[in-house]
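Protein chains in written order, with my numbering: chain A, 1 to 245; chain L, 246 to 490. One structure below.
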DNA sequence: CATACAAGACTGGTATGCAAGTACTGCCGG
DNA sequence: CCGGCAGTACTTGCATACCAGTCTTGTATG
């Protein structure tokens, strides 16, 4: 396949990153559902790459628990593990709420960042119910921005990793239980509480917001327990066939 | 180099994991100091592997911020970044303290786990000051066990990642400021407070313990600011030569 | 017809080769 | 003696080839 030489390889982002981003997005959006087989060869072919960068992307995804690899058997999108989801919720809550607490102790709000957050909330309010992808993107931006406002933007990577598992669990519900407008309104209230230096109120609102998201997930699990596993990791999967072309 | 065929490759853990563990250990222990050049070829040769598994290990280490790769230039042990260290401290504190709080709400202590923690503390008390490596290993076990006791063992991976940066910063001081026996004693007190269901006290002690570790780091930074960077990542590094064989 | 077995089409793990780019080094000219 | 320039020895990124397993499937046999 020899480069199919176009753009100088240095300018465009690395193939590994392209593969990683592409795969991660598809996994979180459930475009690649839990249990789906991920053949390195097929992925490489569909991305017009060799196996090497695809493998490296898979290694990263294994690291964050979104993919499982069974040597000589296959690679699979990890099942949604209830334990992992709960741990993710715990971590996220701990970090985001503690960050909000710390804001109360050093209440020096950056005006630019605050205004940027207002912009994000405004954009969210303008979304319709079916623009889930855009909403989730802005949701990330909002929560990342909230951390950054408290000077803890560096923890976003860890939170984002947790959030990925939460989002994936939420997506299992055919439709998000909360409506987008409700979530945007919650964001708005949190932000305005922060801006008004009502940090205790903001913390309470943020806790409610995060818990509401989690209770969505628990509702989904109660309704469709078969979508979740609690042991995971011990059971490979028999690949199913079917699919015409 | 063709396998140099001995053990069936399936039985022993994957080469990638061996490379990852080896590298990570050497980086955290500063056996590979910040800024050290990591040639994929050299590493592969010294581990008796090909570049592939070494590369995959490096990709993982880049993911957790312990290694920086500059394409066509080289790979380097990441400098100790003060910002990242502070973020790591924040995350760790948030998770561990929140976990302790949650223990107070569901105070169902597992007797086996508690006893295991006692064993760890006892082992630590038996160490001499120069057995740092063993101490750090037991330290990991203790904090991981404390999380597990509260049912949040799954968050250990994230905490461990943060802890790696903290430990590396601490190691920069030629000698750990706190003595091992003091740290072991702190562990002991925390554990006994937990065992006695004095969770508020335990939380206070744990906070003091974690903060003490961090203030060690800040003392080191104050004494030797040149060991830290705050911007990082923009500056490649000129590799130095010298070294006979 | 059922079952056992063997061939083949997959899997991921590893080794290696090639391409593109950078940095050091030593020579050559002033 | 000093500066510039070319050569060379590195670097990582990616592609490819090979290996050792596993699972499927088709066939031959009882």
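Note that CB positions come from ideal geometry on N, CA and C, so glycine has one too.
Judged by pairs of C-beta atoms under 8 Å, the segment 183-192 of chain A touches the segment 121-138 of chain A, as three or more such pairs exist. The contact set of residue 158 of chain A on chain L, defined by CB atoms closer than 7 Å, consists of 336 and 403 in chain order. The beta-carbon of residue 301 of chain L is placed less than 8 Å from the nearest beta-carbon of chain A. Along the length of the segment 327-353 of chain L, whole alpha helix (DSSP H) runs at least 4 residues long occupy 327-350, reported in chain order. Any Cβ of chain A closer than 8 Å to the Cβ of residue 384 of chain L would place that residue at the interface, and such an atom is absent. Residue 386 of chain L and residue 453 of chain L have their C-alpha atoms some 19 Å from each other.
Neighbourhood of residue 149 of chain A in chain L, by CB distance below 7 Å: empty, with the nearest CB roughly 14 Å away. In this model, residue 329 of chain L and residue 113 of chain A are separated by some 20 Å (Cα to Cα). Taking 8 Å as the threshold, the shortest C-beta distance from residue 305 of chain L to chain A falls below it. Going by DSSP, residue 319 of chain L is part of the beta strand (DSSP E) stretching over 319-322. Below the 9 Å Cβ cutoff, chain L contributes no neighbours of residue 144 of chain A, its closest Cβ being approximately 13 Å away. Contact annotation: the segment 441-453 of chain L does not touch the segment 397-411 of chain L, with fewer than three C-beta pairs closer than 8 Å. Residues of the segment 317-341 of chain L with a Cβ closer than 7 Å to any Cβ of chain A, in chain order: 328, 329, 332, 335, 336, 339 and 340. When beta bridges are read from the DSSP output, residue 142 of chain A appears opposite no residue. What residue 152 of chain A touches in chain L, judged by beta-carbon distance under 7 Å, is 332 and 335, going in chain order. Of the residues assessed, residue 456 of chain L falls on the exposed side of the cut-off, its CB having fewer than 16 other CB atoms within 10 angstroms. Of all residues in the segment 341-353 of chain L, those with a C-beta nearer than 7 Å to a C-beta of chain A are 343, reading in chain order. C-alpha of residue 416 of chain L to C-alpha of residue 408 of chain L: approximately 12 Å in a straight line. Assigned with DSSP and collapsed to three states, residue 407 of chain L falls in helix. Per DSSP, the beta-bridge partners of residue 313 of chain L are L:321. The Cβ-Cβ distance between residue 94 of chain A and residue 343 of chain L falls below 8 Å. Listed by position along chain L, the residues whose Cβ is nearer than 9 Å to that of residue 155 of chain A are 332, 333, 335, 336, 339 and 407. With a cutoff of 8 Å on beta-carbon distance, residue 37 of chain A and residue 76 of chain A are scored as near each other. Interface criterion met: the Cβ of residue 308 of chain L is under 8 Å from a Cβ in chain A. Straight-line spacing of the CA atoms in residue 305 of chain L and residue 102 of chain A works out to 31 Å. Counting only residues of its own chain and dropping the five nearest sequence neighbours on each side, residue 54 of chain A has a CB closer than 6 Å to the CB of 19, 40, 43 and 44. A direct Cα-to-Cα measurement between residue 80 of chain A and residue 168 of chain A gives close to 8 Å.
Judged by beta-carbon spacing, residue 352 of chain L lies within the 8 Å limit of residue 444 of chain L, meaning their Cβ atoms are closer than that value. The C-beta separation of residue 418 of chain L from residue 465 of chain L comes to about 4 Å, placing the pair in contact by the 8 Å criterion. Listed as beta-bridge partners of residue 282 of chain L by DSSP are L:321. By the C-beta density criterion, residue 384 of chain L is buried, having at least 16 other C-beta atoms within 10 angstroms.
Secondary structure note for residue 267 of chain L: its alpha helix (DSSP H) is the uninterrupted segment 260-273.
As DSSP reads the structure, residue 229 of chain A sits in a beta bridge with A:81. Contact annotation, residue 390 of chain L with residue 362 of chain L: C-beta distance approximately 5 Å; criterion of less than 8 Å satisfied. In the DSSP assignment, residue 428 of chain L falls within the unbroken alpha helix (DSSP H) covering 425-440. Residue 129 of chain A carries a coil assignment under DSSP once its states are collapsed to helix, strand and coil.
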